[in-house]
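Q: Take a look at the following structure, please.
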Amino acid sequence: MSTDNAKSLGQQNYEQFADRYAAAAPTKPHNALYERPATLSLLPGDLRGLRVLDAGCGPGLYSEILAARGASVHAFDVTPEMVALAQARTAGLDVEVRTGNLEQPLDWLADAQFDIVLCPLVLDYIEDWAPVFAEFRRVARRDALLVFSASHPIDAWRLCGDGNYHQTEAYAIPWKGFGEPLPVVNSYRRPLSGFLNPLMDAGWALETLLEPQPLEAMREVNPQLHAWLSRAPCFLCVRARRR
Ligand SMILES: C[S@@+](CC[C@H](N)C(=O)[O-])C[C@H]1O[C@@H](n2cnc3c(N)ncnc32)[C@H](O)[C@@H]1O
């Protein structure tokens with residue numbers, strides 16, 4: 001786990017287009033009609049009385065939804081521009097937002113204080129997941145849920161071109177759908193075993209592995225994307241319970 005002050009990969013990626021991400025993600029079909037409904041389906045609908053950690057909160061879309069469902073939310077993100085966007089989006093709600101880096105110990109958080117740890121679309125920017133899952137377990141209460149999503153191993157391997165499926169590898173691609181200039185996003189891809197073994201080794205019991213289907217509504221707004229995502233995986237969503 002890194003402890004230096006070098007900018008994390010996540011910050012390098014997202015400081016270049018935080019505003020544009022915040023503007024597009026609420027309605028962008030990949031998020032609004034595919035990843036977000038799938039990830040949310042792994043959470044209880046009623047979150048009243050529950051304390052939730054939104055790790056890598058971005059512009060605060062999930063935090064806003066969690067608070068609307070009754071949760072008390074603590075959110076953090078490594079990109080200061082994202083923290084400001086999340087604070088603005090969740091002003092007046094039971095959401096506290098600060099900067100924090102998942103590649104370092106979450107040392108401002110006490111042990112055993114969250115009922116749910118949520119981490120959507122963040123772990124692709126972190127090479128070593130073992131210490132992250134260990135920190136999530138430390139701050140989670142007994143029987144707490146961990147829900148996260150990340151690039152599907154098969155899709156990321158396809159995007160890598162000639163990569164070795166069995167290794168964790170860095171790759172970079174320009175992202176369409178967030179306007180110009182196209183942000184070049186650096187990520188890590190890993191095999192399925194690289195998703196699940198560090199999770200279970202860190203003391204989380206796997207409950208659900210979801211390979212989502214796009215919502216029917218996507219067929220109207222983007223029929224080609226709907227057809228593609230109906231037969232090719234893009235994200236993997238995971239629910240695990242603290243042992
Ligand atoms: C694709 S956005 C997802 C935001 C939010 N979770 C969502 O799904 O709407 C990825 C976010 O992860 C954050 N991030 C990347 N690496 C991080 C790290 N090491 N620690 C904390 N946040 C990180 C980025 O700053 C960015 O806001």
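Residue numbers for the sequence shown follow the working numbering, so the first one is 1 and each next one is one higher.
Using N, Cα and C, we set each Cβ at its ideal position, and we do this for glycine too.
As the structure is a computational prediction, the values presented were derived from the model and not from experiment.
1) What are the start and end residues of the alpha helix (DSSP H) that includes Pro44?
2) For ligand 1, I want to know if Tyr34 counts as a neighbour, meaning its beta carbon is within less than 7 Å of at least one of the ligand's heavy atoms.
3) Rounded to a whole number of angstroms, what is the C-alpha to C-alpha distance between Glu103 and Asn13?
4) Quick check on the DSSP output: the alpha helix (DSSP H) that includes Val117 runs from which residue to which?
5) His74 lies in the beta strand (DSSP E); which residues open and close that run?
6) Please list, in chain order, all residues with a C-beta atom less than 5 Å from at least one heavy atom of ligand 1.
7) Just mark Asp77 as buried or exposed, buried being the case when its beta carbon has 16 or more other beta carbons within 10 Å.
8) Hey, out of Arg190, Asn101 and Ala38, whose CA is closest to Ala6's CA?
9) Along the chain, where does the beta strand (DSSP E) that runs through Ile126 open and close?
10) Considering only DSSP beta bridges, list what Phe148 is partnered with.
A: A quick look at the data gives this:
1) To locate residue 44, count along the sequence shown from 1; it is residue 44. Looking at the DSSP string, Pro44 is not in any alpha helix (DSSP H), and its letter there is neither H nor E.
2) Counting from 1 along the sequence shown, the entry for residue 34 is found at position 34. No, the Cβ of Tyr34 stays beyond 7 Å of every heavy atom of ligand 1.
3) The count along the sequence shown starts at 1 and reaches residue 103 at position 103. The count along the sequence shown starts at 1 and reaches residue 13 at position 13. Rounded to whole angstroms, the separation of the alpha carbons of Asn13 and Glu103 is 15 Å.
4) In the sequence shown, counting from the first residue as 1, residue 117 sits at position 117. Note, Val117: premise wrong, no alpha helix (DSSP H); beta strand (DSSP E) at Phe114 to Pro120.
5) What you label residue 74 is simply residue 74 of the sequence shown in a count that begins at 1. Residues Ser72 to Asp77.
6) Checking every Cβ against the heavy atoms of ligand 1 under 5 Å gives Ser8, Gly10, Tyr14, Gly56, Gly58, Leu61, Asp77, Val78, Thr79, Met82, Asn101, Leu102, Glu103, Pro120, Leu121, Val122 and Tyr125.
7) Counting from 1 along the sequence shown, the entry for residue 77 is found at position 77. The residue is buried, with at least 16 neighbouring Cβ atoms inside 10 Å.
8) Residue numbering aside, residue 6 sits at position 6 when the sequence shown is read from its first letter. Ranking Arg190, Asn101 and Ala38 by Cα distance to Ala6 puts Asn101 first.
9) One-based indexing of the sequence shown puts residue 126 at position 126. Premise fails: Ile126 is in no beta strand (DSSP E) and is neither H nor E.
10) Position 148 of the sequence shown, counted from the first residue, corresponds to residue 148. Residue pairing by DSSP places Phe148 opposite Cys119 and Val238 in a beta bridge.
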